[in-house]
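Chains A and B are the protein sequences, given in the same order.
Using numbering that gives the first Met the number 0, the first residue of the first sequence is number 0, and each one after it goes up by one.
Using numbering that gives the first Met the number 0, the first residue of the second sequence is number 0, and each one after it goes up by one.
One structure is given below, encoded as structure tokens.
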Amino acid sequence: MKNRIEEIRKARGVNQEELAKALGVSRQTISSLENGRYNPSIELAYKLSKYFGMTIEEVFIFEEAEK
Amino acid sequence: MRDYSKRIYLSIFWIIVGAALFAAGSFGKIDSFWSGMGGALIGVGIVQTIRWAHYRNDPEYKEKFDTQTHDERNRFIANKAWAWAGYLSVLTGAAAAIAFKVASKDDISYFCSIAVCLLMILYWICWLVLKRKY
């Protein structure tokens with residue numbers, strides 16, 4: 000799933016380390032999320048959106064998988 | 000992780016058990032297999048004791064350790080690695096069973112076949128348990 004984490008994070012002037020610490024995850028997890036290599040759990044997606052003061056739909060871009 | 004004191008005691012317990020096995024093996028009371036296991040337990044116990052003592056005394060290490068332990072991506076990777084390891088074990092065992100049969104090593108082939116069957120049974124038991132849980 001695509002997301003706007005990197006874009007929003009940079010716009011807020013937050014680095015990966017700070018975001019990771021605020022969410023209680025490793026910096027590598029933030030990096031993987033930004034690169035789209037790892038999809039977060041609903042809990043982490045919720046925490047991320049809440050941290051940015053946005054809705055999940057604003058942070059994550061849902062695209063129907065091709066059949 | 001709040002129970003680090005218990006973990007230190009457990010690590011010390013393994014050192015004591017390991018030392019007892021090693022000593023008994025060294026004096027010829029038990030088989031050398033057990034003294035080897037005793038040596039391994041001493042090593043693991045020492046490493047774990049140092050690790051938990053470090054965890055207790057260094058807040059920075061504690062925070063890093065807790066983050067790495069509870070990180071959901073790390074857990075996901077660990078689960079995936081176990082799944083791959085299990086799957087590859089079955090494939091390797093099956094391939095080995097065929098290879099040994101072709102090489103007329105019937106006993107080893109039989110052993111590999113049984114191991115693969117046991118793994119498959121274990122998989123189905125786990126699957127049924129997890130199916131009930133989720």
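Don't be surprised by glycine CBs; every beta carbon is placed ideally from N, CA and C.
Same chain, Cβ closer than 7 angstroms to Gln15/A, neighbours up to 5 away in sequence not counted: Here residue 15/A is taken as the residue at index 16 of the first sequence, counted from 1. Cβ within range, chain order: Arg26, Ile29, Ser30.
Contact the region 47-61 of chain A vs the region 100-116 of chain B: 3+ CB pairs below 8 angstroms: no
Per-residue burial, Cys111/B [other beta carbons within 10 Å of its own, 16 or more giving buried]: Stepping through the second sequence from its first residue, residue 111/B is reached at position 112. Label assigned to Cys111/B: buried.
Closest Cα partner of Val46/B within the set Ala77/B, Ile29/B, Ser10/B: The sequence position of residue 46/B within the second sequence is 47, counting from 1. For Val46/B, the nearest C-alpha among the options comes from Ser10/B.
Classification of Leu40/B by the beta-carbon crowding that lies within 10 angstroms, buried from 16 upward: Counting from one through the second sequence, the residue named residue 40/B turns up at place 41. Under this definition Leu40/B is a buried residue.
Test item: CB-CB of Ala77/B and Gly92/B under 7 angstroms: One-based indexing of the second sequence puts residue 77/B at position 78. One-based indexing of the second sequence puts residue 92/B at position 93. Not a contact, by the Cβ cut-off of 7 angstroms.
Contact list for Asp57/B against chain A, beta-carbon separation under 9 angstroms: Position 58 of the second sequence, counting from 1, holds the residue named residue 57/B. Within chain A, no residue comes near Asp57/B; the closest Cβ sits about 17 angstroms away, beyond 9 angstroms.
Inter-residue spacing [alpha-carbon to alpha-carbon] between Gly52/A and Ala80/B: Walking along the first sequence from the start, residue 52/A turns up at place 53. Walking along the second sequence from the start, residue 80/B turns up at place 81. Taking the straight line joining both Cα atoms gives about 35 angstroms.
Assigned exposure category for Trp13/B - 16 Cβ within 10 Å defines buried: Translated into positions along the second sequence, residue 13/B becomes position 14. So Trp13/B ends up on the buried side.
Cβ pair Leu72/A, Ile4/A closer than 7 angstroms: Since the first and last residues shown for chain A are 0 and 66, residue 72/A lies out of range.
Every unbroken alpha helix (DSSP H) inside the region 9-56 of chain A [4 residues or more]: 15-22, 26-34, 41-51
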